[in-house]
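Below is one structure, written out as C-alpha cells; comments come after it.
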C-alpha cells in the first residue's frame, strides 16, 4: 500500500515545478488536511514523513522535513488544528499573541508558540529580532507566493515561517 501513497505524494510535491512555481514547501504545507489524510500520509510515523520530505528535497522539490501533523481537530481560532492551510484555501492571516515572555528569534529553526495553540518554525536565517516582551501581539500573513510571514506588533522585522503544529 505504500507505493501508491509515495507515488501520490511525489506527484503532489512535483506539481509546482510543472506549473513553473517558484516556492517549494513540504507536503504538509502543500496539501490540505483532508487531502493529506485521503492520501494516507497521516498514517506515516514522524520518521517516515521526515524521510519522505527529505527524499523529495534531495530529488529537486526543495521540501523540508517537518513533523507529522496532529489529528484534525479545531484549535482555538476555529481553524483545523492540523492546519498547514495548504493550497490557496483557508485564511490568509492569523492574529494571536505569544503567551508569556517573548525574546524574539535568532534565525532558522526557532519555534514560536502562539496563545491559540499553534506552533510556527522560523525558516528565515537572514532575519533576527531581539526583544524582551510579554504577551506581544503577532500577525502571520500569507505572502504572494503562498508562504507565511510573521510580524510582531510594533516592529518592522518579519520572518518567514511554517506551521508545525
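Residue numbers (the working numbering): 117 to 281.
Heads up, the beta-carbon is just placed ideally off N, CA and C, and yes, glycines get one too.
Measuring C-alpha to C-alpha distances from residue 235 to each of 220, 227 and 210 identifies 227 as the nearest. Per DSSP, the beta bridge partners of residue 258 are 264. Per the coordinates, the alpha-carbon of residue 239 lies some 28 Å from the alpha-carbon of residue 154. Excluding the 5 residues flanking it on each side, residue 218 has same chain C-beta neighbours closer than 6 Å at 249 and 252, in chain order.
Take residue 271, set aside five residues on each side of it, and the residues of its chain with a beta-carbon closer than 8 Å to its own are 245 and 247, in chain order.
With respect to residue 243, residue 276 sits close: the two C-beta atoms are nearer than 9 Å. Inter-residue distance for residue 266 and residue 241 is about 14 Å (C-alpha atoms, whole angstroms). A distance below 6 Å between beta-carbons, with the five flanking residues on each side excluded, links residue 210 to the following residues of its chain, in chain order: 256.
By the CB criterion at 9 Å, residue 278 and residue 142 fall inside the cutoff.
Between residue 230 and residue 258, the gap from beta carbon to beta carbon reaches 9 Å or more. If you check the CB distance, residue 157 and residue 168 come in under 9 Å.
Nearest to residue 233 by C-alpha distance, out of 160, 216, 152 and 264, is 216. Only residues of its own chain outside the window of five on either side were considered, and among them 238, 239, 240 and 241 have a CB closer than 7 Å to the CB of residue 224, listed in chain order.
Scanning its chain for C-beta atoms nearer than 6 Å, with the 5 sequence neighbours on each side dropped, one finds no residue around residue 150.
Look at residue 248 here: in three-state DSSP terms it is strand.
Restricting attention to 162, 261 and 274, the CA atom closest to the CA of residue 222 is found in 274.
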